[in-house]
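Asks: Can you read through this structure? Questions will come right after.
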Amino acid sequence: MSPSERRPESEDQRIVPGAPGSEPPSLKEPTRSRPPLPPKPDQAGPEPRTPTGAHSSDSEEAVAQRGARLTTANGTPIGDTDHSLKAGPRGPVLLQDHHLREKITHFDHERIPERVVHARGAAAHGVFVANGAAQKISCASVFEKDRQTPVFVRFSTVFGSRGSADTVRDTRGFATKFYTDDGIWDLVGNNIPVFFIQDGIKFPDIIHAAKPHPDREIPQAQSAHDTFWDFVSLHTEATAHTLWNMSDRGLPRSYRMMEGFGVHTFRFVNARGKTVLVKLHWKPKLGVHSLLWEEAQIAAGVDPDMHRRDLADAIEAGAYPEWDLGVQVFPDTEEQTFEGIDLLDPTKFVPEELAPVQVIGTMTLTANPTNYFSQTEQVAFHPGHLVRGIDLTNDPLLQGRLFSYIDTQITRLGGPNFAQLPINRPHAEVNDMLRDGMHQTAVHSGVAPYRPNSLDGGCPFTARPGEALIEYPEVVTGAKTREAPASFDDHFSGARMFYASLTPIEQQHVAEAYSFELGKCYEKTIKQRAVTVLRNIDEQLARTVAAKLGLPVRGKEPDRAAITTSEALTQIGRRWPGDGRIIGILADGDTDLNDLTETVDTITANAMTALVIAGHGGELGTGKNKVAISRTIDTARSIEFDALLIAATLPDAKLAVLLQEAHRHLKFIAYTPAGLPALRTAGITDEFDGIESAPTLTAAFELITQALPEHRVWTRATQLAP
Ligand code: HEM
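Numbering that gives the first Met the number 0 numbers the first residue of the sequence shown as 0 and each following residue consecutively.
Right, dumping it as structure tokens:
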């Protein structure tokens with residue numbers, strides 16, 4: 000949607016994201032019966048399909064609740080659901096109360112096991128449009144020029160439980176389900192291009208180490224504890240991934256501002272059977288941005304749902320998140336290396352300077368799920384969901400994953416038929432000969448679910464060569480052995496390059512992250528060992544962290560080859576579109592309402608979200624100039640805003656906290672004359688960069704738009720340094 004399309008014509012059309020229902024509730028309990036309300040305009044469900052992939056005549060509404068009256072699960076109308084059936088008003092409850100028992104029994108079983116990893120997530124529907132650039136290298140229909148493929152994307156954290164906070168320091172999952180005409184393709188990636196381990200057999204080890212300690216079950220959703228650092232300091236192939244986690248990449252500003260990586264090398268096969276090796280990248284149109292550590296910590300307390308709210312609100316407000324899908328392409332040689340980098344080693348990445356990322360299509364997320372459980376929770380991804388033209392390599396981590404996902408989903412989703420859940424149904428025809436099992440919802444016909452058969456007329460027949468999934472006949476030789484190739488022994492070169500490519504302030508964040516995480520460990524030996532590993536990345540980094548921990552730097556400095564850098568690895572120094580940013584506007588009853596409404600509308604027209612902050616809830620103004628107040632001084636914290644416009648001063652100490660945090664978190668602040676006293680009270684002057692005065696709110700916003708593309712006022716960090 001273009002910015003001008005988003006400009007509202009009247010106050011009634013102004014979208015304030017976050018409304019819980021599709022229409023405002025009445026003050027009194029409604030008593031007049033009416034059909035269920037429709038979903039909100041920003042929401043969608045999976046396209047209605049039968050369990051076997053056919054278009055369903057059911058609409059989305061037809062599979063939601065029906066009718067105006069309360070019924071049992073079997074459709075019998077119920078007149079009272081507030082009182083149990085008792086022997087007299089003061090008597091015992093009767094076993095005969097089948098409605099009570101059905102209601103409580105169902106409730107007792109509402110939760111299913113959470114994912115063993117990536118339990119905490121948020122998802123959205125969208126569309127992928129190919130630009131045709133990959134047609135030369137893959138015959139997958141999803142890559143045909145201008146082909147539109149529906150997608151469902153789930154973002155997640157890895158270590159925490161389902162109820163943990165969004166903003167913890169962690170890797171983020173970035174899993175995309177493409178409902179292609181050739182069947183489902185799942186690209187199950189992360190926001191970090193390297194992984195902790197080189198072989199799937201080590202996955203239980205890293206996850207057991209990272210999860211809470213098994214005796215006290217603490218800490219939740221954290222890597223800052225002894226078992227994690229014990230493992231990663233002993234198992235040094237984890238060094239690169241750990242470093243990325245300790246960098247700003249471990250604290251995304253928003254799911255909308257993260258890169259995604261397929262991590263493994265995949266194989267593409269084209270229509271002539273020619274193969275190439277590829278690494279897949281999602282590049283966010285908004286750029287890659289992060290929270291500061293203090294912001295992440297505050298958010299975990301005041302808004303633990305920050306990332307899922309941000310994603311849903313942006314979509315509801317029409318600021319649809321977009322990513323380009325890109326590929327790095329490598330020749331499919333016998334060695335499967337590129338410029339000396341082993342393409343089968345998932346702890347390595349290939350710098351973009353050596354293999355540029357070529358864009359092959361764009362994904363836009365356009366709708367929120369109508370129901371979290373049925374979609375975000377029940378979706379089942381699997382790296383083995385492949386389509387013709389996209390094939391695997393022998394990366395030993397990928398090979399382990401190919402077993403793990405279906406296996407875990409049988410437990411998590413209660414049996415083998417989870418592919419029939421609405422969100423998992425393919426949009427291609429399904430004739431799989433799989434039968435029965437728990438929760439079978441397809442009604443199969445025929446008597447011969449086996450091949451060959453004659454009783455069902457020989458159906459199903461195998462696919463013709465031009466239609467079938469292509470399994471590349473790679474020649475494999477060698478002794479059966481439990482060992483890794485020698486090239487997998489290099490655990491540090493990628494980590495060194497990543498660290499050396501960061502700007503000084505990003506490097507400072509890395510040192511602070513290691514100091515915090517290791518500072519939370521109990522065992523001195525583990526901290527000492529971790530510092531020794533750090534010397535393999537950078538001597539100064541190791542010394543800074545050691546000094547913070549009060550430890551010596553032991554041993555001899557490791558020998559190192561010359562370090563090259565890659566510009567694509569730093570997040571700072573480029574300018575990005577301001578779309579989707581959140582602008583807080585502090586206003587009060589004295590604020591010029593024409594100026595305020597004009598500013599809110601201009602922010603919306605620029606594909607950003609305006610959140611008005613005031614001393615109380617409700618609205619400011621009336622009629623055409625009425626503006627909804629989204630946050631009060633009790634509910635607003637700086638973490639939520641990318642920039643603040645200050646046009647009021649409130650007699651509340653919390654205002655100074657809000658402004659000081661915004662200042663410390665390097666946010667852009669522009670103020671009108673009415674806002675000046677508030678800044679003065681907070682001790683903020685415009686000697687600092689990114690603190691600007693303007694005569695009106697509209698002029699203040701204009702100043703902000705020039706600065707926002709840099710994400711933060713990075714130069715203020717130096718001014719604030721002691
Ligand atoms: C490059 C390495 C890996 C990446 C990028 C990755 C990514 C992901 C993502 C994004 C999810 C969340 C899926 C969702 O949103 O539902 C996930 C879940 C999961 N992953 Fe991985 N993973 C990796 C390695 C592994 C390995 C090596 C294993 C096991 C051998 C594994 C086992 C699992 C399991 C069991 C789940 C839960 C799936 C479910 O309950 O539906 N992962 N992974």
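Where is the CB? At the ideal position from N, CA and C, for every residue including glycine.
For Asp181, which residues in the same chain have their Cβ closer than 7 Å to its Cβ, ignoring the five residues on either side in sequence?
Replies: Looking up residue 181 in the sequence shown gives position 182. Here the set comprises Ala139, Ser140, Val386, Arg387, Ala427.
Asks: In terms of residues, what are the limits of the alpha helix (DSSP H) holding Gln507?
Replies: As a first step, residue 507 must be located in the sequence shown, where it is residue number 508. Gln507 -> alpha helix (DSSP H) spans 503–518.
Asks: Using the three-state DSSP reduction, which class does Pro694 fall into: helix, strand or coil?
Replies: Here residue 694 refers to the residue found at position 695 of the sequence shown. Coil, per DSSP.
Asks: If you reduce the DSSP assignment to three classes, tell me which class Ile469 lands in.
Replies: Your numbering for residue 469 matches position 470 in the sequence shown. Three-state result, Ile469: coil.
Asks: Which same chain residues, not among the five before or five after Asp214, have their C-beta less than 8 Å away from its C-beta?
Replies: Here residue 214 is taken as the residue at index 215 of the sequence shown, counted from 1. Around Asp214: no qualifying Cβ.
Asks: Can you tell which of Ile582, Gly414, Leu719, Leu233 has the C-alpha that lies nearest to the C-alpha of Val532?
Replies: Residue 532 sits at position 533 when you count from the first residue of the sequence shown. Checking every option, the nearest Cα to that of Val532 belongs to Leu233.
Asks: Unbroken beta strand (DSSP E) runs of length 3 or more, entirely within the stretch 292–363: which are they?
Replies: With a minimum length of 3 residues, the continuous beta strand (DSSP E) runs that stay inside the stretch 292–363 are 321–330.
Asks: For Thr563 and Pro368, I'd like the C-alpha separation in whole angstroms.
Replies: For the purposes of this step, residue 563 is taken as residue 564 along the sequence shown, with counting starting at 1. For the purposes of this step, residue 368 is taken as residue 369 along the sequence shown, with counting starting at 1. So the two alpha carbons sit approximately 44 Å from each other.
Asks: So does Pro345 have its beta carbon nearer than 8 Å to some heavy atom of ligand 1?
Replies: Here residue 345 refers to the residue found at position 346 when the sequence shown is read from its first residue. Pro345 Cβ: within cutoff of ligand 1.
Asks: Could you tell me whether any non-hydrogen atom of ligand 1 is closer than 8 Å to the CB of Phe348?
Replies: If you number the sequence shown from 1, residue 348 lands on position 349. For ligand 1, not one heavy atom lies less than 8 Å from the Cβ of Phe348.
Asks: State the start and end residues of the unbroken beta strand (DSSP E) segment that holds Ala122.
Replies: Counted from its first residue, the sequence shown places residue 122 at position 123. 120–129 is the span of the beta strand (DSSP E), which, as asked, contains Ala122.
Asks: Quick one: what does DSSP say Lys722 is sitting in, helix, strand or coil?
Replies: With the chain covering 0 to 721 only, the question about residue 722 has no answer from this structure.
Asks: Does the beta-carbon distance from Lys547 to Ser514 come in below 9 Å?
Replies: Within the sequence shown, numbered from 1, the residue matching residue 547 stands at position 548. Within the sequence shown, numbered from 1, the residue matching residue 514 stands at position 515. Yes, Cβ-Cβ distance for Lys547 and Ser514 is below 9 Å.
Asks: Closer than 8 Å to a non-hydrogen atom of ligand 1 - does that hold for the CB of Ala447?
Replies: Here residue 447 refers to the residue found at position 448 of the sequence shown. It does not: the Cβ of Ala447 is nowhere closer than 8 Å to a heavy atom of ligand 1.
Asks: Could you check if Gln419 belongs to the surroundings of ligand 1, using beta carbon to heavy atom distance under 8 Å?
Replies: As a first step, residue 419 is located in the sequence shown; it is residue number 420 there, counting from the start. For ligand 1, not one heavy atom lies less than 8 Å from the Cβ of Gln419.
Asks: Label Cys520 either buried or exposed according to how many other C-beta atoms from any shown protein chain fall within 10 Å of its C-beta, with 16 as the threshold for buried.
Replies: The residue given as residue 520 occupies position 521 in the sequence shown. Flag for Cys520 reads buried.
Asks: Taking the continuous beta strand (DSSP E) assigned at Ser155, which residues delimit it?
Replies: Stepping through the sequence shown from its first residue, residue 155 is reached at position 156. It spans 147–156 - the beta strand (DSSP E) in which Ser155 sits, taken as one unbroken run.
Asks: Beta carbon of Val349, beta carbon of Phe329: below 9 Å?
Replies: Looking up residue 349 in the sequence shown gives position 350. Looking up residue 329 in the sequence shown gives position 330. Going by C-beta atoms, Val349 is nearer than 9 Å to Phe329.
Asks: Report the rounded CA-to-CA distance for Ile200 versus Pro251, giving the unit in angstroms.
Replies: Against the sequence shown, residue 200 aligns to sequence position 201. Against the sequence shown, residue 251 aligns to sequence position 252. In a straight line, the C-alpha of Ile200 is about 29 Å away from that of Pro251.
Asks: Buried or exposed, going by whether 16 or more other CB atoms sit within 10 Å of the CB of Leu719?
Replies: Walking along the sequence shown from the start, residue 719 turns up at place 720. So Leu719 counts as exposed.
Asks: Given the structure, does Ser155 come close to ligand 1, in the sense that its CB is under 8 Å from one of the ligand's heavy atoms?
Replies: The residue labelled residue 155 in the question sits at position 156 within the sequence shown. Yes - ligand 1 has a heavy atom lying nearer than 8 Å to the Cβ of Ser155.
Asks: Using the beta-carbon count (16 or more within 10 Å), is Gln197 buried or exposed?
Replies: Counting from 1 along the sequence shown, the entry for residue 197 is found at position 198. Result: buried.
Asks: So, helix, strand or coil for Val268, using DSSP?
Replies: For the purposes of this step, residue 268 is taken as residue 269 along the sequence shown, with counting starting at 1. Reduced to three states, the DSSP call for Val268 is strand.
Asks: In whole angstroms, what separates the C-alpha of Ser1 from that of Thr148?
Replies: Walking along the sequence shown from the start, residue 1 turns up at place 2. Walking along the sequence shown from the start, residue 148 turns up at place 149. In this prediction, Ser1 scores a pLDDT of 45, lower than 50, which makes its location untrustworthy; no coordinate-derived value is stated.
Asks: To which residues of the same chain is Arg68 closer than 7 Å at the C-beta, ignoring the five residues directly before and after it?
Replies: Taking the sequence shown and counting its residues from 1, the one referred to as residue 68 is at position 69. Contacts found: Ser32, Pro76.
Asks: If you draw a straight line from the alpha carbon of Phe158 to that of Thr375, how long is it in whole angstroms?
Replies: Counting from 1 along the sequence shown, the entry for residue 158 is found at position 159. Counting from 1 along the sequence shown, the entry for residue 375 is found at position 376. Approximately 17 Å between the Cα atoms of the pair.
Asks: Between the stretch 83–91 and the stretch 313–333, do three or more beta carbon pairs fall short of 8 Å?
Replies: No, they do not touch.
Asks: Roughly how many angstroms separate the alpha carbons of Val712 and Ile504, rounded to a whole number?
Replies: Start at 1 with the first residue of the sequence shown, and residue 712 comes out as number 713. Start at 1 with the first residue of the sequence shown, and residue 504 comes out as number 505. Rounded to the nearest angstrom, the two C-alpha atoms are 12 Å apart.
Asks: Just checking, does the stretch 313–321 make contact with the stretch 576–593 on the three C-beta pairs under 8 Å criterion?
Replies: Counting Cβ pairs under 8 Å, three or more are found: they touch.
Asks: Please work out which residues of its chain come closer than 8 Å, Cβ to Cβ, to Pro112, disregarding the five sequence neighbours upstream and downstream, and give them in chain order.
Replies: Looking up residue 112 in the sequence shown gives position 113. Cβ within range, chain order: Thr410, Arg411.
Asks: Assuming Ala237 and Ser160 make a contact with CB atoms under 8 Å, what is their CB distance in whole Å?
Replies: Stepping through the sequence shown from its first residue, residue 237 is reached at position 238. Stepping through the sequence shown from its first residue, residue 160 is reached at position 161. In fact, because the Cβ distance is near 22 Å, the residues do not count as touching under 8 Å.
Asks: Please work out which residues of its chain come closer than 7 Å, Cβ to Cβ, to Asp304, disregarding the five sequence neighbours upstream and downstream, and give them in chain order.
Replies: Residue 304 sits at position 305 when you count from the first residue of the sequence shown. Excluding residues within five positions, the ones whose Cβ falls inside 7 Å are Asp165.
Asks: Measuring from the CB of Ala379, is there a heavy atom of ligand 1 at a distance below 8 Å?
Replies: Position 380 of the sequence shown holds residue 379. Because some heavy atom of ligand 1 lies under 8 Å away, the Cβ of Ala379 counts as near it: yes.
Asks: State the beta-bridge partners of Lys201 as determined by DSSP.
Replies: By one-based count along the sequence shown, residue 201 stands at place 202. For Lys201, which the question treats as bridged, DSSP gives no partner whatsoever.
Asks: Between the C-alpha atoms of Phe724 and Ser155, what's the straight-line distance to the nearest angstrom?
Replies: The structure shown has nothing for residue 724, since the chain only spans 0 to 721.
Asks: Just verifying my parser: in three-state terms, what is the DSSP assignment at Ser1?
Replies: As a working note, residue 1 is residue 2 in the sequence shown. Per-residue confidence for Ser1 stands at a pLDDT of 45, beneath the threshold of 50, marking its modelled position as unreliable; the derived number appears in the next sentence. In the structure shown, Ser1 sits in coil (DSSP, three-state: anything other than H, G, I, E or B).
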